[in-house]
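Numbering (our numbering), first residue to last: 6 to 253.
Ideal Cβ placement from N, Cα and C applies to all residues, glycine included.
Predicted, not measured: the structure shown is a model, and the values here were computed from it.
Encoded as structure tokens, the structure appears first; notes follow it.
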């Protein structure tokens, strides 16, 4: 069983409270070292208690934090069409100085990935070569959401195409969470799903652009793969984190 809490109970007790989220240790989530430092009484490192969304807080001028920090786009133009994504250049005005600066953005269709679990408690994973890293990676099935397709349907399709496994009908695909791959440059989102009780019902249907191999990884071994760096795809790790949160 995947566990993101420390292996020893004394480690859990020793971990600062600011490093834990619902019992999940900051060895998996990003730790904030400022949380350990002393600060003057009344000083805040973030939203005060009760502020569910810091973007909704208003400044003296009546603007919300989001309004005060947002850059107004003056103009933008297409820079490159790279088939699976497009690059745009936006010229935006600083909310503080009004000066206009160029920023580059990657626009792409929504993405999806899915954690498929067999009745035996194995995660159906995929090994494939990735041209960005120049390495063979260990991942869960995933891909692009096609036009007119829901993220749920896309996740089930990617599972079938990449592994030959199927979920137990549409109800067998459960949403886990949604993330932005990198808000600094990406405009799209990745939708993560869970499928329990998946079974093999066909062959891998690789396109001409992919070559994959299916591995059945016992759920109990996932943490070791993560700690060893064998699973290092950020969106896969995000999906596994959503999965861990769903069970906490």
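Rounded separation between residue 3 and residue 86 - CA only = The question about residue 3 has no answer here: the residues shown for the chain are numbered 6 through 253.
Do residue 245 and residue 119 have their CB atoms nearer than 9 Å?
-> no
Mind reading off the beta-carbon distance from residue 193 to residue 113? Whole number of angstroms is fine, and I expect it under 8 Å.
-> 5 Å
Own chain partners of residue 55 with C-beta closer than 7 Å, once the 5 adjacent residues on each side are dropped = Bear in mind that the predicted position of residue 55 carries a pLDDT of just 47, short of 50, making it unreliable; the figure below should be weighed with that in mind. Around residue 55: no qualifying Cβ.
Going by Cα to Cα distance, which pick from 172, 94, 71 and 160 is closest to residue 204?
-> 172
For residue 169, write down the residues that DSSP places opposite it in a beta bridge.
-> According to DSSP, residue 169 bridges with nothing at all.
Residues sharing a beta bridge with residue 99, DSSP = DSSP lists no partner for residue 99.
Can you pull the DSSP bridge partners for residue 148?
-> 117
What is the residue span of the beta strand (DSSP E) that residue 197 lies within?
-> Segment 195-201, the beta strand (DSSP E) holding residue 197.
Assign residue 196 to buried or exposed, taking buried as 16 or more other Cβ atoms, counted over all protein chains shown, within 10 Å of its Cβ.
-> Answer is buried; the Cβ neighbour count reaches 16.
When DSSP builds the beta bridges, which residues end up paired with residue 111?
-> 92 and 191
What does a CB cutoff of less than 6 Å around residue 159 pick up in its chain, not counting 5 residues either side in sequence?
-> 117 and 150
Where DSSP assigns a beta bridge to residue 129, which residues make up the other side?
-> 221
Mind reading off the beta-carbon distance from residue 208 to residue 169? Whole number of angstroms is fine, and I expect it under 8 Å.
-> 5 Å between Cβ atoms; contact.
In this structure, does DSSP put residue 257 in helix, strand or coil?
-> Summary: the structure shown does not reach residue 257, with the chain confined to residues 6 through 253, and so no result is reported for it.
Could you confirm whether any beta carbon from chain D is found closer than 9 Å to the beta carbon of residue 101?
-> Within the model displayed, chain D is absent; a lone protein chain is all it includes.
Please name the residue, chosen from 206, 226, 122 and 241, that lies closest to residue 178 on a Cα-to-Cα basis.
-> When each option's Cα is compared against that of residue 178, the closest is 122.
Just checking my contact of residue 126 with residue 224 at CB under 8 Å: how many whole Å lie between their CB atoms?
-> 5 Å
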